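*Asks:* A single structure is presented below for examination.
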Amino acid sequence: MAATAAAVVVAAALGGGLLLLARRLWPAAAAGKGSATAAAAALCRMEGKTVIITGANSGLGRAAAAELLRRRARVIMACRDPARAEEAARELRAEMGLSSRERGGGRGELVVRQLDLASLGSVRRFCQQVLQEESRLDVLINNAGIFQCPYMKTEDGFEMQFGVNHLGHFLLTNLLLGLLKSSAPSRIVVVSSKLYKYGEINFDDLNSELNYNKSFAYSRSKLANILFTRELARRLENTGVTVNVLHPGIVRTNLGRHIHIPLLAKPLFNLVSWAFFKTPLEGAQTSIYLASSPEVEGVSGKYFGNCKEEQLLPNAMDDLVARKLWDISEVMVGLLK
Ligand SMILES: NC(=O)c1ccc[n+]([C@@H]2O[C@H](COP(=O)([O-])OP(=O)(O)OC[C@H]3O[C@@H](n4cnc5c(N)ncnc54)[C@H](OP(=O)(O)O)[C@@H]3O)[C@@H](O)[C@H]2O)c1
Ligand SMILES: *[C@@H]1O[C@H](CO)[C@@H](O)[C@H](O)[C@H]1NC(C)=O
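Per full-length UniProt numbering: the sequence shown = residues 1 to 337.
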């Protein structure tokens, strides 16, 4: 028994080894990207542009912050833990050879601001400060997310995944819309997931008080991200503000922090993720593309993967559900009493 199992593991490791080697040797091809990326990047200079990225201290958000900083944007890292955010900012500045005091001068700039999407009060305070301090906002990237946590509630009593991934960003975006409009042409980029396909907006139990299924709650929140994008795009027609949504693929980040992997399975998981998951920079390519590429100037209400438009499933194209979700979200976050 044990011997057979061991043989299977060895065979799998050998077979997997070849695949990994191929994937690591030709990462660009494996990620489905052309070699045009580097050339295109040169065209997407972000000098003079201000970008807000939620959850910019880790994973995809951090990679997008690094790249947009490299393209010389003023990047506002909107993060829940100021210490973790300052640390990430220090590392990014060091990588980029920027001093912390450097302001503007066409070299890009990183600013850390506190934002806890699990608190409507924090969202409001963050927006107040942005509206006071920033004269413009060119790009808002709704990137922060929480994945399959145990049942928890936000400060305002919302189920955590719906509260952070959807409602917190819903209020944030609405409070920043005026500044985005006055800075037009401007862009909103929403990070969703392919797992939206298992979601449904069950209006009778949005806070999962009757029944909590952590996978379903994540899928529901990511479906909400897409419905929100489509409804917002409709509302923003002719304003010069566009909004698009994307899935990043499967990326090696800290997102799985609530998933328990047995100790013995960890090495295998690490091997598989090293071989087959995207790096954060690979995963962030579509966010960066939607935030900066001239190719998507004026494009709005669309769903992207690997820097290309993709088709949505019917559950994400129901405009009546999108409108109803918008109306209920307005009430939940206190925009409408
Ligand atoms: N990784 C993937 O394979 C994958 C696949 C599909 C979609 N996505 C999506 O990609 C986005 C980025 O995730 P990631 O993979 O980069 O994961 P990550 O490394 O865990 O980063 C998530 C970020 O969100 C922040 N965040 C969580 N709760 C927050 C709150 N209440 N307020 C403010 N910020 C909060 C985290 O802050 P802390 O560091 O302080 O916790 C962190 O900065 C998410 O929306 C996720 O759903 C990821
Ligand atoms: C939880 O939801 C997922 C879909 O998101 C479903 O596949 C799974 O069967 C559900 N689990 C339970 C215990 O109902």
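A virtual CB, placed ideally from N, CA and C, is assigned to each residue, including glycine.
Predicted model only: the values in this text are computed from it and were never measured.
Is there at least one non-hydrogen atom of ligand 1 closer than 6 Å to the beta-carbon of isoleucine 288?
*Replies:* No, ligand 1 has no heavy atom inside 6 Å of this Cβ.
*Asks:* Considering Cα atoms alone, identify which of Arg107, Thr229, Ala94 is closest to leucine 68.
*Replies:* Of Arg107, Thr229, Ala94, the residue nearest in Cα terms is Arg107.
*Asks:* Decide if arginine 187 is buried, meaning its Cβ has at least 16 other Cβ atoms within 10 Å, or exposed.
*Replies:* So arginine 187 counts as buried.
*Asks:* If you draw a straight line from the C-alpha of serine 287 to the C-alpha of phenylalanine 203, how long is it?
*Replies:* The straight-line gap from Cα to Cα measures roughly 30 Å.
*Asks:* Classify proline 248 as buried or exposed, calling it buried when 16 or more other Cβ atoms lie within 10 Å of its own Cβ.
*Replies:* Per the 10 Å Cβ criterion, buried.
*Asks:* What ranges does the beta strand (DSSP E) occupy inside the stretch 246-319, keeping only unbroken runs of at least 3 residues that lie completely in it?
*Replies:* Listed in chain order, they are 303-305.
*Asks:* Short of 6 Å in beta carbon distance, which residues of its chain neighbour glycine 301, apart from the five on each side in sequence? Order them along the chain.
*Replies:* Taken in chain order, the residues that qualify are Arg230, Ala233.
*Asks:* Out of curiosity, what's the CA-to-CA distance linking valine 245 and asparagine 306?
*Replies:* Spanning the two alpha carbons is a distance of roughly 12 Å.
*Asks:* Quick check on phenylalanine 269: buried or exposed, where buried means 16 or more other Cβ atoms within 10 Å of its Cβ?
*Replies:* Counting Cβ neighbours within 10 Å, phenylalanine 269 comes out exposed, since fewer than 16 surround it.
*Asks:* Which residues share a DSSP beta bridge with threonine 54?
*Replies:* Per DSSP, Ala78.
*Asks:* Output yes or no for whether 7 Å exceeds the beta carbon distance between leucine 264 and alanine 63.
*Replies:* No.
*Asks:* How is lysine 324 classed by DSSP in three states: helix, strand or coil?
*Replies:* Correct three-state label for lysine 324: helix.
*Asks:* Is the stretch 178-185 close to the stretch 135-142, with three or more CB pairs under 8 Å?
*Replies:* These segments touch.
*Asks:* Kindly indicate which residue of Ala224, Val296, Phe276, Leu120 has the alpha-carbon position closest to the one of threonine 253.
*Replies:* Looking at the Cα atoms, Phe276 is the closest of the given residues.
*Asks:* Among residues of its own chain, excluding the 5 on either side of cysteine 149, which ones have a beta-carbon nearer than 7 Å to its beta-carbon?
*Replies:* Result list for cysteine 149: Met160, Gln161, Lys214, His258, in chain order.
*Asks:* I'd like to know if the stretch 155-175 and the stretch 216-226 are in contact, where contact means that at least 3 CB-CB pairs between them fall below 8 Å.
*Replies:* Output reads yes: the stretch 216-226 touches the stretch 155-175.
*Asks:* For valine 112, list the residues DSSP reports as bridge partners.
*Replies:* Partner(s): Met77.
*Asks:* Give me the DSSP bridge partner(s) of asparagine 238.
*Replies:* Bridge partners of asparagine 238: none, in fact.
*Asks:* Between Ala316, Ala291, Asn211, Asn142, which has its C-alpha nearest lysine 194's C-alpha?
*Replies:* Here the closest residue by C-alpha is Ala316.
*Asks:* On the criterion of 16 or more Cβ atoms from any shown chain inside 10 Å, does valine 71 qualify as buried, or is it exposed?
*Replies:* Looking at the sequence provided, one finds arginine at residue 71 rather than valine. Under this definition arginine 71 is a buried residue.
*Asks:* Contact defined as beta carbons within less than 8 Å: I believe histidine 166 pairs with asparagine 225. What is the distance between those atoms, to the nearest angstrom?
*Replies:* Indeed they touch by this definition, with Cβ atoms about 6 Å apart.
*Asks:* Exposed or buried, tyrosine 289, counting other C-beta atoms within 10 Å across all chains shown (16 or more means buried)?
*Replies:* Counting Cβ neighbours within 10 Å, tyrosine 289 comes out buried, since at least 16 surround it.
*Asks:* Could you give the DSSP three-state label for arginine 187: helix, strand or coil?
*Replies:* DSSP places arginine 187 in strand when its eight states are reduced to three.
*Asks:* Around the C-beta of tryptophan 274, are 16 or more other C-beta atoms found within 10 angstroms, so that it is buried, or is it exposed?
*Replies:* By the 10 Å Cβ count, tryptophan 274 comes out exposed.
*Asks:* May I have a chain-ordered list of the alpha helix (DSSP H) segments no shorter than 4 residues that lie completely inside the stretch 132-192?
*Replies:* Within the stretch 132-192, the complete alpha helix (DSSP H) runs of at least 4 residues are 169-182.
*Asks:* Roughly how many angstroms lie between the CA atoms of alanine 30 and arginine 125, to the nearest whole one?
*Replies:* With a pLDDT of 41 at alanine 30, under the threshold of 50, the modelled position of that residue is not reliable, and the figure given next carries that caveat. Cα to Cα, the separation comes out at about 42 Å.
*Asks:* Report the residue from Asn143, Leu92, Glu91 whose alpha carbon sits nearest the alpha carbon of alanine 78.
*Replies:* For the residues Asn143, Leu92, Glu91, the minimum Cα distance to alanine 78 belongs to Asn143.
*Asks:* Report yes if the C-beta distance between isoleucine 76 and arginine 113 is below 7 Å; otherwise report no.
*Replies:* Closer than 7 Å, so yes.
*Asks:* Taking C-alpha atoms, which residue in Leu271, Pro267, Tyr303, Ala217 lies nearest to glycine 145?
*Replies:* Ranking Leu271, Pro267, Tyr303, Ala217 by Cα distance to glycine 145 puts Ala217 first.
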